[in-house]
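Below is one structure, written out as structure tokens, with a few remarks after it.
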Amino acid sequence: SQKIEQNSEALNIQEGKTATLTCNYTNYSPAYLQWYRQDPGRGPVFLLLIRENEKEKRKERLKVTFDTTLKQSLFHITASQPADSATYLCALDIQTGANNLFFGTGTRLTVIP
Amino acid sequence: ETGVTQSPTHLIKTRGQQVTLRCSSQSGHNTVSWYQQALGQGPQFIFQYYREEENGRGNFPPRFSGLQFPNYSSELNVNALELDDSALYLCASSLALGGSNEKLFFGSGTQLSVL
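Residue numbers (this note's numbering), protein chains in the order written: chain A, 1 to 113; chain B, 114 to 228.
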């Protein structure tokens, strides 16, 4: 069965540093991978989508890489701010006909002022 | 704000009861997906509706059922509630072209507690 592992349940970093979150998957070859942000009591919010033929995608302070050989995606937040504190979820398309997303358990990021 | 609204925001039920959760999609979106998110876990796919037809289902029993209406709003029904059904239920809408959709727009969810 498909399995997604995100590097740790919680990650604490100092304000201004770069946060790096890891998403590893097994038993599947997704056409694309997505990252979402979730704040407590709210639904996930879409951040970035990267396709299997793309190595890197950027959006403002965010950068995502996708290595289909390693079956891994890295999510970077540069110049982190306390407002970046949230849970970050990676998600893969399952392509079982429903095009639903299969989510990891998330990494809770805390940026310390 | 995503434009996806869910009601109610919170709900308390007892074991064995039935519940209906509602979702209004973002304008222009023809696909609705429902997810269950237990505390500390990622969202788990329940099912998806595309143009009023079920378009895939996750590993959930038949007592989880749904509907999509002509205006693309949706309902999730759960019968014979169990304690383990306690979770945040998320609705997500998207624009599917030819059955393929990409990013999802989530509502804030309905927090269901089963006692």
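Built from N, CA and C at the ideal position, the CB exists for glycine as well.
Verify the CB distance criterion: does residue i have a CB-CB separation below 8 angstroms to chain B?
i: A/Gly104; result: yes
i: A/Asn100; result: yes
i: A/Leu49; result: yes
i: A/Leu89; result: yes
i: A/Gly140; result: Given that chain A is displayed from residue 1 to residue 113, the structure contains no residue 140 of chain A and the question cannot be resolved.
i: A/Arg58; result: no
i: A/Arg37; result: no
i: A/Phe46; result: yes
i: A/Gln34; result: yes
i: A/Arg61; result: no
Tell me whether residue i sits in a helix, a strand or coil according to DSSP, three-state version.
i: B/Ala205; result: strand
i: B/Asp198; result: helix
i: A/Ala83; result: helix
i: A/Glu54; result: coil
i: A/His76; result: strand
i: A/Asn12; result: strand
i: B/Ser137; result: strand
i: B/Phe173; result: coil
i: A/Lys59; result: strand
i: B/Gln131; result: coil
i: B/Gln154; result: coil
i: A/Tyr28; result: coil
i: B/Lys216; result: coil
i: A/Leu101; result: strand
i: A/Lys71; result: coil
Give a yes or no on whether the C-beta atoms belonging to residue i and residue j are separated by under 8 angstroms.
i: A/Phe103; j: A/Leu21; result: no
i: A/Tyr88; j: A/Arg37; result: yes
i: A/Asn53; j: B/Gly169; result: no
i: A/Ser85; j: A/Glu15; result: no
i: B/Leu228; j: B/Val132; result: no
i: B/Leu203; j: B/Gly222; result: yes
Determine, using beta carbons only, whether residue i comes closer than 8 angstroms to chain A.
i: B/Ser221; result: yes
i: B/Pro121; result: no
i: B/Lys216; result: yes
i: B/Ser230; result: Examination of residue 230 of chain B is not possible in this model, given that chain B is present from 114 through 228 alone.
i: B/Pro156; result: yes
i: B/Gln149; result: no
i: B/Leu124; result: no
i: B/Gly116; result: no
i: B/Gln161; result: yes
i: B/Leu95; result: Residue 95 of chain B lies beyond the stretch modelled for chain B, which goes from 114 to 228, so this question has no answer here.
In this structure, what does DSSP give as the bridge partners for residue i?
i: B/His123; result: B/Gln224
i: B/Thr118; result: B/Ser137
i: A/Arg37; result: A/Val45 and A/Tyr88
i: B/Glu167; result: B/Tyr162
i: A/Thr20; result: A/His76
Tell me where the beta strand (DSSP E) around residue i begins and ends.
i: B/Gly179; result: Phe177 to Gln181
i: B/Tyr162; result: Gln157 to Tyr163
i: B/Gln149; result: Thr144 to Gln150
i: B/Glu188; result: Ser187 to Val191
i: A/Val111; result: Thr107 to Ile112
i: A/Asp67; result: Leu62 to Asp67
Does the ligand MN have even one heavy atom less than 7 angstroms from the beta-carbon of residue i?
i: B/Gly153; result: For the ligand MN, the structure offers nothing, since it holds no ligand at all.
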